[in-house]
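Chains H and B are the protein sequences, given in the same order.
Under the working numbering, the residue at position 52 of the first sequence is numbered 68, and the numbers go up by one with no gaps.
Under the working numbering, the residue at position 105 of the second sequence is numbered 689, and the numbers go up by one with no gaps.
The C-beta atom is built at its ideal place from N, Cα and C for all residues, glycine as well.
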Amino acid sequence: MKFLRSLIILFFVFAFHNSNAHGDNLDIKITKNLRCLICQGQSVYDSDSEFANSVKVLVSQKLDEGLSEKDIYAFLKNKYGEWILYEPEFNKNTYFLWLLPILMFLIGGAIIYKFIILKKS
Amino acid sequence: MKIKIAPIIVSILFLVFFVIFFLGLKNTNIYVPSVKYEKEVPFFTTQLFNTNKKINSDEIFKNDKYYLMNIWSSWCIPCRDEHRFLIELKNEKNLEIIGLNYKDKITNAQNFLVELKNPYTTIISDFDGLIAIEWGAYGVPESFLISNKKIIKKIVGPLNENLVIEIKELLK
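#1: Can you grab the Cα-Cα spacing for the pair Ile100 of chain H / Asn69 of chain H, in whole Å?
#2: By DSSP, does Ala37 of chain H sit in helix, in strand, or in coil?
#3: Check whether the segment 623-639 of chain B touches the segment 668-679 of chain B, counting contact only when three or more Cβ pairs, one atom from each stretch, lie closer than 8 Å.
#4: Evaluate Ile128 of chain H with the Cβ neighbour count: other Cβ atoms within 10 Å of its Cβ, from every protein chain shown; 16 or more gives buried, anything less gives exposed.
#5: In terms of alpha-carbon separation, which member of H:Lys136, H:Lys108, H:Glu66 and H:Ile24 lies closest to Asp712 of chain B?
#6: Below 8 Å on the Cβ atoms is my contact criterion, and I expect Ile564 of chain B with Asn647 of chain B to pass it. Report the Cβ-Cβ distance as a whole number of Å.
#7: What distance in whole Å lies between the Cβ atoms of Ser731 of chain B and Tyr650 of chain B, which are believed to be in contact at a cut-off of 8 Å?
#8: Cβ atoms of Ile751 of chain B and Lys623 of chain B: under 8 Å apart, would you say?
#9: Would you say Phe605 of chain B and Glu718 of chain B are within 8 Å of each other, going by their C-beta atoms?
#10: Check the Cβ-Cβ distances between Ala693 of chain B and every residue of chain H, and say whether any is below 8 Å.
#11: Residues in its own chain within less than 7 Å of Leu79 of chain H by CB, not counting five upstream and five downstream?
#12: Give me, in chain order, the residues of the same chain whose beta-carbon lies closer than 6 Å to that of Leu700 of chain B; leave out the 5 immediate sequence neighbours on both sides.
#13: Which residues mark the beginning and the end of the beta strand (DSSP E) in which Met120 of chain H is found?
#14: Is the Cβ of Ala716 of chain B closer than 8 Å to any Cβ of chain H?
#15: By the 9 Å beta-carbon criterion, what residues does the segment 112-125 of chain H contribute toward chain B?
#16: In terms of residue numbering, what span does the alpha helix (DSSP H) encompassing Tyr96 of chain H cover?
#17: Which residues share a DSSP beta bridge with Arg51 of chain H?
#18: Smallest Cα separation from Lys626 of chain B: which of B:Leu729, B:Ile715 and B:Leu743?
#19: Identify each residue in the segment 79-96 of chain H for which the Cβ-Cβ distance to at least one residue of chain B is less than 7 Å, and report them in chain order.
#20: Check Ser76 of chain H in the structure and name its three-state DSSP category.
#21: Taking the alpha carbon of Lys95 of chain H as the point to measure from, which residue in B:Glu745, B:Lys738, B:Ile587 and B:Asn744 has its own alpha carbon closest?
#22: Considering only the beta carbon of each residue, do Asp688 of chain B and Ser727 of chain B sit closer than 8 Å?
#23: Residues in its own chain within less than 8 Å of Val594 of chain B by CB, not counting five upstream and five downstream?
#24: With DSSP as the reference, please indicate the residues paired to Phe728 of chain B in a beta bridge.
#25: Compare the C-beta of Ile127 of chain H with all C-beta atoms of chain B and state if any pair is closer than 8 Å.
#26: Taking 8 Å as the CB-CB limit, is Glu105 of chain H close to chain B?
#27: For a quick check, are the C-beta atoms of Phe633 of chain B and Ser709 of chain B less than 8 Å apart?
#28: Any idea which residues DSSP pairs Tyr686 of chain B with across the strands?
#29: Leaving out five residues before and five after Ala590 of chain B in sequence, what residues of the same chain have Cβ atoms less than 6 Å from its Cβ?
#30: Is there at least one Cβ from chain B nearer than 8 Å to Ser70 of chain H's Cβ?
#31: From the DSSP secondary-structure annotation, give me the bridge partner or partners of Leu632 of chain B.
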């Protein structure tokens, strides 16, 4: 009985594992980085709104035409503005946003260095 | 007396973050894509409503005339509300109203037009919503006022009295 139970559990574990198997498709990667403009807070990938479904069709169509990930982002950015991308671009408006974590990491490291290493010596 | 610097820094940081978040509370968090004026009409090819005839945007939008491109659908409730304004604008002499039938069933769309009258001179179909994306639209209804193949006004959401007055002003 115990063996059977563990077999069932194992079956479900692998069943769920399988449902994730095609997670590295390019169109999924792209639609996960696109914001659904109707249901703001959800990505195009997650949403089932009319707009999101159209964008999904558009992305796979553009990929078939041979456009790269960057080209598709540029196309949608031209139509809807940068807001449609979840990952903000690196430009003069976002220097602070991108560099702040690195800065905080360095400052934190310096503080730890000062308190632990220097106190020991 | 030695001044303790840590509590001061902490309280200043707290105050800064408090002010930032407090001001952020009042900001609206609904984003509307920026309206780019004087943008060219995108090029697209599609089917004429109710026929199999193909048509492209150059055949629809000609120079020296005003066009109102209205994205509509029979399942869209606000479209029903704005329809009487389109009927009103139909009487304007130098304006042609183009309908973009968005993700609709042809029979439903026909019934909608029989019930509420047809303000459109040309209706084109958008079965999968890709043409709406070309226009930078993301919902129904949306309207674009076009002059000399350039978009001079974009209206997100249904038309209303004030917008109709504004459009009439622009037509003069």
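Result, derived from the coordinates:
#1: Taking the first sequence and counting its residues from 1, the one referred to as residue 100 of chain H is at position 84. Taking the first sequence and counting its residues from 1, the one referred to as residue 69 of chain H is at position 53. Each residue's Cα considered, the two are about 15 Å apart.
#2: As a working mapping, residue 37 of chain H is identified with position 21 in the first sequence. Only weak support exists for where Ala37 of chain H lies, its pLDDT of 48 falling under 50; the value from the coordinates is given anyway. In this structure, Ala37 of chain H counts as coil in the three-state DSSP scheme.
#3: no
#4: On the first sequence, position 112 is the one that residue 128 of chain H refers to. Label assigned to Ile128 of chain H: exposed.
#5: Numbered from 1 along the second sequence, position 128 holds the residue referred to as residue 712 of chain B. For the set H:Lys136, H:Lys108, H:Glu66 and H:Ile24, the Cα lying nearest the Cα of Asp712 of chain B is the one of H:Glu66.
#6: Missing from the structure shown is residue 564 of chain B; chain B here goes from 585 to 756 and no further.
#7: Counting from one through the second sequence, the residue named residue 650 of chain B turns up at place 66. Counting from one through the second sequence, the residue named residue 731 of chain B turns up at place 147. 5 Å between Cβ atoms; contact.
#8: Translated into the one-based positions of the second sequence, residue 623 of chain B becomes position 39. Translated into the one-based positions of the second sequence, residue 751 of chain B becomes position 167. Cβ distance not < 8 Å, so Lys623 of chain B and Ile751 of chain B don't count as in contact.
#9: Counting from 1 along the second sequence, the entry for residue 605 of chain B is found at position 21. Counting from 1 along the second sequence, the entry for residue 718 of chain B is found at position 134. Cβ distance not < 8 Å, so Phe605 of chain B and Glu718 of chain B don't count as in contact.
#10: Locating residue 693 of chain B in the second sequence gives position 109, counting from the first residue. Chain H, which has no Cβ nearer than 8 Å to the Cβ of Ala693 of chain B, makes this no.
#11: Translated into positions along the first sequence, residue 79 of chain H becomes position 63. Leu42 and Asp43.
#12: Within the second sequence, the letter at position 116 stands for residue 700 of chain B. Result list for Leu700 of chain B: His667, in chain order.
#13: Taking the first sequence and counting its residues from 1, one reaches residue 120 of chain H at position 104. Met120 of chain H -> not in any beta strand (DSSP E); alpha helix (DSSP H) instead, spanning Tyr111 to Ile128.
#14: In the second sequence, residue 716 of chain B corresponds to position 132, counting from 1. Yes, contact with chain H.
#15: Residues of the segment 112-125 of chain H with a Cβ closer than 9 Å to any Cβ of chain B: none.
#16: The count along the first sequence starts at 1 and reaches residue 96 of chain H at position 80. Segment Glu85 to Tyr96, the alpha helix (DSSP H) holding Tyr96 of chain H.
#17: Here the question's residue 51 of chain H lines up with position 35 in the first sequence. For Arg51 of chain H, which the question treats as bridged, DSSP gives the partners H:Ser59.
#18: By 1-based counting over the second sequence, the position of residue 626 of chain B is 42. First, the residue type needs correcting, since residue 626 of chain B is Pro and not Lys in the sequence shown. Minimum Cα distance to Pro626 of chain B is reached at B:Ile715.
#19: Lys95 and Tyr96
#20: Within the first sequence, numbered from 1, the residue matching residue 76 of chain H stands at position 60. In this structure, Ser76 of chain H counts as helix in the three-state DSSP scheme.
#21: As a first step, residue 95 of chain H is located in the first sequence; it is residue number 79 there, counting from the start. Considering only alpha carbons, the answer is B:Lys738.
#22: Within the second sequence, the letter at position 104 stands for residue 688 of chain B. Within the second sequence, the letter at position 143 stands for residue 727 of chain B. Contact flag unset, no.
#23: Within the second sequence, residue 594 of chain B is the residue found at index 10, counting from 1. Closer than 8 Å at Cβ, skipping near neighbours: no residue.
#24: The residue you call residue 728 of chain B lines up with position 144 of the second sequence. BP columns for Phe728 of chain B point to B:Met653 and B:Lys738.
#25: Here residue 127 of chain H corresponds to residue number 111 of the first sequence, with the count starting at 1. Judged by the 8 Å Cβ criterion, Ile127 of chain H is not in contact with chain B.
#26: Locating residue 105 of chain H in the first sequence gives position 89, counting from the first residue. No, Glu105 of chain H does not count as interfacial toward chain B.
#27: Position 49 of the second sequence, counting from 1, holds the residue named residue 633 of chain B. Position 125 of the second sequence, counting from 1, holds the residue named residue 709 of chain B. Going by C-beta atoms, Phe633 of chain B is nearer than 8 Å to Ser709 of chain B.
#28: As a first step, residue 686 of chain B must be located in the second sequence, where it is residue number 102. DSSP, once it has assigned bridges, lists B:Asp710 as partnering Tyr686 of chain B.
#29: For the purposes of this step, residue 590 of chain B is identified with residue 6 of the second sequence, where counting begins at 1. Excluding residues up to 5 positions away in sequence, nothing lies with its Cβ nearer than 6 Å to the Cβ of Ala590 of chain B in the same chain.
#30: Here residue 70 of chain H corresponds to residue number 54 of the first sequence, with the count starting at 1. Yes, its Cβ sits closer than 8 Å to a Cβ of chain B.
#31: Reading the second sequence from its first residue, position 48 is the one you call residue 632 of chain B. DSSP output for Leu632 of chain B lists B:Ile708 as bridge partner(s).
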